[in-house]
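Here my numbering is used: the first residue of the sequence shown is 1, the next is one more, and so on. To keep things clear, I will list the structure first and then write my remarks on it.
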Amino acid sequence: GDRAVGEVGTPLFASFAGQTGSRPTRGVDDLESLVYCLTFLASGGLPWERKSHARTAFMKGRMLTDEGCELLTDSCAASGLTDDIPSPQLVEALQAVWAEVVACQEGERINYEACLAALTDCGPADEV
1 GDRAVGEVGT PLFASFAGQT GSRPTRGVDD LESLVYCLTF LASGGLPWER KSHARTAFMK
61 GRMLTDEGCE LLTDSCAASG LTDDIPSPQL VEALQAVWAE VVACQEGERI NYEACLAALT
121 DCGPADEV
């Protein structure tokens, strides 16, 4: 179910809704945070590191709403999120999970099976 409105989580990894308190958090917010955590672990950073709280929220909000961001492409605000990830398979997996995050912002049901399949198929652990 929905969780209370208000800041939830570490701002670096928190979902947009969790960071801004713009709505009660849902399962999709956990998935959004997972993308940020995996990106951080794989690349060593996030584009909004060392940015103000407001700038971080702005960047995350744009990633959820800009045209083309459902695939984390260079044509959207998310460009740069996956640039430093050395594994193309992991980038593809994160793109698949992010597409689910974007698709489920209005309360749609999350396809966890697709997310798990994408992450499971991203290659051997020594490549990640």
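We put the CB at the ideal spot given by N, CA and C, even for glycine.
For aspartate 29, the three-state secondary structure derived from DSSP is helix. Taken atom to atom, the span from the alpha-carbon of serine 15 to that of aspartate 84 is near 21 Å.
Taking the C-beta atoms as reference points, leucine 31 is found no nearer than 8 Å to threonine 39. The closest CA to that of leucine 90, considering only Ala57, Ala117 and Thr56, is found on Ala117.
Between glutamine 105 and valine 28, the C-beta spacing is below 8 Å. Annotation for cysteine 115: the continuous alpha helix (DSSP H) segment containing it runs 112-120. At a Cβ-Cβ threshold of 8 Å, valine 97 and cysteine 69 do not count as neighbours. When the Cα atoms are used, glutamate 49 and lysine 60 turn out to be separated by approximately 12 Å.
Scanning its chain for C-beta atoms nearer than 7 Å, with the 5 sequence neighbours on each side dropped, one finds around glycine 80 the residues Pro47, in chain order. By the C-beta density criterion, arginine 26 is buried, having at least 16 other C-beta atoms within 10 angstroms.
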